[in-house]
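Participant:
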Amino acid sequence: MREVLTCSHWGTYWVLVENNEIRGIRPFEADCNPSPLIGTLPQTVDSPLRVTLPMVRAGYLRHGADSDGSGRGR
Numbered sequence: 023m024r025e026v027l028t029c030s031h032w033g034t035y036w037v038l039v040e041n042n043e044i045r046g047i048r049p050f051e052a053d054c055n056p057s058p059l060i061g062t063l064p065q066t067v068d069s070p071l072r073v074t075l076p077m078v079r080a081g082y083l084r085h086g087a088d089s090d091g092s093g094r095g096r
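So for the sequence shown, the working numbering puts the first residue at 23; every next one is plus one.
1) Which of the three DSSP states is assigned to L59 in this structure?
2) Report all residues from its chain with a CB closer than 6 Å to the CB of H63; omit the five preceding and five following residues, and keep chain order.
3) So W32 packs on E25, CB below 8 Å; how close in whole Å?
4) If we ignore side chains and look at the alpha-carbon of each, how far apart do G93 and H85 end up?
5) Return the chain-ordered list of same chain residues with a C-beta closer than 6 Å to the C-beta of S106, the five sequence neighbours on each side being excluded.
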């Protein structure tokens, strides 16, 4: 098993990897307030709810920052 140090919007943490699969997560030692959400990472990697490709709303492409956001969630 190997450990990989990584960062995300959840913070900095160690990912425990074996056979190219995440086996566990542990907080980075210097993080004085690690997020409890890092424990969910192993389950979210292959989740069907995960966005697999970059997405952008058609309204934003047409109107840029002036888009009113009415197409969100469709």
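For every residue, glycine included, the Cβ atom is placed at its ideal position computed from N, Cα and C.
Facilitator: Reading off the structure:
1) helix
2) The sequence shown places Leu at residue 63, not His. I47.
3) Actually they do not touch by this definition, with Cβ atoms about 17 Å apart.
4) 12 Å
5) Shown here, the chain extends from 23 to 96; a query on residue 106 therefore has no answer.
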